[in-house]
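With the working numbering applied, the sequence shown corresponds to residues 283 to 622, in that order.
In this text, a Cβ means the ideal position worked out from N, Cα and C, and glycines have one as well.
All values derive from a computational prediction rather than experimental measurement.
Report on the following structure.
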Amino acid sequence: MIDLRSDTVTRPTAAMLAAMSTADTGDDVYGEDPTVRALEERVAGLLGHEAGLFTVSGSLANVLGVRSLVAPGQELLCEERAHVVRAELGAHAVTQGVTTRTWSDPRGHVDLAAVRRLMTPDAGPYLVSTAAVAVENTHNFAGGTVQPLDSLRALRELVSPVGVRLHLDGARLWNAHVATGVPLADYGRLFDTVAVCLSKGLGAPVGSVLVGPAAAIAEARVWRKRLGAGWRQAGVLAAAGSYALDHHVDRLADDHANARLIAEAVADVDPAAVDPSAVETNVVILDVGERAAGLVAAAAEAGVLTGTVGPGLVRLITHLDVSAEDAKRAAGVLAGLLRT
Ligand SMILES: Cc1ncc(COP(=O)(O)O)c(C=O)c1O
């Protein structure tokens, strides 16, 4: 099977498992796990922030980051397909009392005019006050799109004077960094809090890191425990994350090339399904209308797993466990099915 459903399906490599098995550990609830602390400091440094917190998931890192910026009853603005609003099962509302309003952009980009229109900081006793904007980079459901750096800078200039703050869901920020060459810290410093995942394209089995100001991260540490997600000898997991940072960042370029290869093969037989030049990272979305469910089922029978992400939309994500050969085979299967 070639599994293109998500980049979360990777298995730890033998070398990663070896790094995990020799990790130095301690009780992380007491702040005594050296491998966790090293990972937290490293990721904070990479993103240009003061402190970091290792969490079990990207969803938890997002909840803890957003809650540090948005009080119960205040509002978070984001794009309508953002993971924080569409795919975290309402966690921000259910656990933190955060309300959301959204803008819509075909590529998932920040729409500065929409933010300007929606944003109502200090809205008084009647309307909901906007406290923060969340940006996703790369944007998963929009097709792994990269947020243009200029527009992120303009967003920072727009919100700072009115005290609205910024959270970055950077689950795949590594992909944006590799695709554009923009240093991670150039992205990171534009945001008050940043969540990055180690268990997507980087191939670690578990883990995300939230970074931000030291005081916010100290508070997030309390909330992580409060929500039942404090952990003990988590260094075995942090070691996988550190290994992934050492060995699996640059190779994301291979995933991007493989995604482009698949998109080109599909566009050759069905140009309406995908524009290969719009494939910027490791996500390909095929717009195949009523054929979507049939395509997913037939591809699975032919050994290629994919998924749907909306009406008529089939998503493929390349990753560490998909070789160039696998990508060619998957491209052949999909092109063959769409040709018939
Ligand atoms: C953009 C984005 N943010 C956050 C998450 C949440 O990560 P997790 O599944 O670790 O909670 C995902 C998961 O796929 C994601 O794609």
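Member of the options whose CA lies at the smallest distance from the CA of residue i
i: GLY470; options: TRP456, GLU546, LYS482 and SER442; result: TRP456
i: GLY347; options: ALA458, VAL415 and VAL615; result: VAL415
i: MET298; options: ASP528, SER490, THR384 and ARG514; result: ASP528
i: HIS530; options: SER481, ALA369, ALA496 and GLN378; result: SER481
i: ALA617; options: ALA535, ALA584, GLY594 and ASP393; result: ALA584
i: THR563; options: ARG454, VAL392 and ASP309; result: ARG454
i: THR402; options: GLY485, ASP468 and VAL444; result: VAL444
i: PRO495; options: LEU472, ALA369 and ARG508; result: LEU472
i: ARG533; options: ALA497, LYS507 and GLY485; result: GLY485
Nearest-angstrom beta carbon gap, residue j and residue i [assumed within contact, 8 Å]
i: ASP474; j: LEU448; result: 5 Å
i: LEU620; j: ALA555; result: 7 Å
i: VAL460; j: ALA413; result: Not quite, the Cβ-Cβ distance comes to about 32 Å (not below 8 Å), so this is no contact.
i: VAL366; j: ASP451; result: 6 Å
i: LEU342; j: ALA521; result: Not a contact, Cβ separation roughly 20 Å.
i: VAL591; j: LEU568; result: Not really, about 10 Å apart at Cβ, beyond 8 Å.
Rounded straight-line distance, which links the Cα of residue j to that of residue i
i: ALA609; j: ALA375; result: 39 Å
i: THR588; j: ASP557; result: 18 Å
i: VAL570; j: ALA301; result: 43 Å
i: LEU328; j: ALA582; result: 39 Å
i: ARG573; j: GLY426; result: 22 Å
i: VAL410; j: VAL566; result: 37 Å
i: ALA500; j: ALA606; result: 43 Å
i: PHE423; j: ARG363; result: 6 Å
i: LEU434; j: HIS421; result: 13 Å
i: CYS479; j: ASP550; result: 34 Å
i: ARG611; j: ASN540; result: 11 Å
i: ALA296; j: ALA516; result: 19 Å
i: ARG399; j: THR381; result: 17 Å
i: TYR312; j: PRO553; result: 56 Å
i: GLU314; j: ARG324; result: 16 Å
i: GLY379; j: GLY614; result: 47 Å
i: PRO316; j: ARG368; result: 35 Å
i: ALA535; j: THR462; result: 10 Å
i: GLY594; j: ASP404; result: 41 Å
i: GLY390; j: PRO430; result: 11 Å
i: LEU371; j: THR377; result: 11 Å
Closer than 6 Å: residue i CB and nearest ligand 2 heavy atom
i: ASN422; result: Ligand 2 is absent from the structure shown, which contains only ligand 1.
Inset, instruction - Report yes or no: do three or more beta-carbon pairs, one from the segment 312-332 and one from the segment 345-365, lie closer than 8 Å? - result: no
Inset, instruction - Count the C-beta pairs between the segment 284-294 and the segment 586-601 that are closer than 8 Å, then say yes if the count reaches three, no if not. - result: yes
Inset, instruction - Could you say if the segment 513-528 and the segment 487-497 meet the contact criterion of at least three C-beta pairs nearer than 8 Å? - result: yes
Legend entry - Any 3 or more C-beta pairs closer than 8 Å across the segment 438-448 and the segment 301-313: no
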